[in-house]
Structure formats: structure tokens, C-alpha cells
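Colleague: Numbering (my numbering), first residue to last: 264 to 459.
Glycine included, every Cβ here is placed at the ideal spot set by N, Cα and C.
Handing you this structure, nothing more for now.
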């Protein structure tokens, strides 16, 4: 086996062992995040408030640095009812708009411009917002008319204080399509059973 690959694998194991020591009783969540990172897929972490979902996502993604810059390549956003598509994909390029009348986006400032994304309280966003970011999350590109802008986003960690059954009852078709496309879904319980 390539020595660099073996070193990278060992560093990955040490990284998650350190996090498991800091966040007790979250082994299942870390296992799913590890798999999501390795597979370049996305993970949704659900559970009641106060179960360290956001802290775990920040601890993982905030410490993964870009080898060329030494800085995290992370897009982070807490979604709310008033979150709009440009908050996630990047602002409209007004220079292009005023000069040509075409709408283009500054995607380097959004999810597509980062290697990793953390979307906190993802289900607080409107249903149509979630639908619009499906292509960004899964195709890693933004389709706008005939223009396709490729992106770099490899893995997104999304969190929510809501139960999936509650979310799906709100808007079954839209949110079922969203949830079905998430490869890893994990639950953080509020408390644990005491051993006798």
C-alpha cells in the first residue's frame, strides 16, 4: 500500500478518535460522518435541541483544512424562513446583470465554492428552497438556463431539531424527495439509558 495513503488513513482514524473522546456517546453519528466524507456524500443529523449536532458538525468540518491554503474550505449557514437561494449559492453578479441583462451568480461565495458545507436547521428553510438546492447538493453544479456552473462541494452536514416524521407530515412530496437523496441520516437522542 502507498505510504502516503497509509499515513492519511491513520490521520483520519486519529482525527475521529479524538472527536469521539470529546463527544461521548455519539459513535453512530461519527461513523456516518466518516462514511459521508469518504464517499463524498451528505449526512443529515436529527435530534432534539442540546444534543451537540451543530457542535459536532462544526468540530468536524471546521478542522478539515485545504492543503493549498491551510484554511477550512467550509460554507456554513443557518437556514431560516427568510433564507433565499442566493444565500446558499452566492449573490447575483450585478456587473453581468447590468452589462448583459443575464443573471449569473458569484458561486465561489456559496456552497459550490467550498469543499464542505454545514447547513444548520436545514428544515427551517422553505420547502422550495430545499428543492432548489437538491441539484447543488447532488449534482455539484448550478443549472441556470443553458449555463451550468460546476462546484466543489463534496460533503454537506445538515442538522435539524425536528423529527423526520414531523417534517415529512408538513410537506410530504417535497421533503420526501429531499430526504430520499441524503445518503446518511443519523439521530442524536437527548438522553441515554443508564446501565444497571
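#1: Once you ignore the five residues that flank residue 394 on each side, which residues in its own chain have a CB closer than 6 Å to its CB?
#2: How big is the Cα-Cα spacing for residue 363 and residue 357?
#3: Excluding the 5 residues flanking residue 442 on each side, which residues of the same chain have their C-beta closer than 8 Å to its C-beta?
#4: Taking the beta carbon of residue 316 as the centre, do at least 16 other beta carbons fall within 10 Å, making it buried, or is it exposed?
#5: CA-CA distance, residue 276 and residue 325?
#6: Taking buried to mean at least 16 other C-beta atoms within 10 Å of its own C-beta, is residue 451 buried or exposed?
#7: Based on the DSSP output, what are the partners of residue 339 in its beta bridges?
#8: Excluding the five sequence neighbours on either side, which residues of its own chain have a C-beta within less than 8 Å of the C-beta of residue 285, listed in chain order?
Modeller: Result, derived from the coordinates:
#1: Apart from sequence neighbours up to five positions away, the residues of its chain that approach residue 394 with a beta-carbon distance below 6 Å are 437, ordered along the chain.
#2: Between residue 363 and residue 357, the C-alpha separation is close to 10 Å.
#3: Contacts found: 307, 427, 430, 431, 448.
#4: With 16 or more other Cβ atoms within 10 Å, it is buried.
#5: For residue 276 and residue 325, the distance between alpha carbons rounds to 17 Å.
#6: Taking every protein chain shown into account, the CB of residue 451 has 16 or more other CB atoms within 10 angstroms, so this residue is buried.
#7: Per DSSP, 381.
#8: Excluding sequence neighbours, residue 285 sits near 322.
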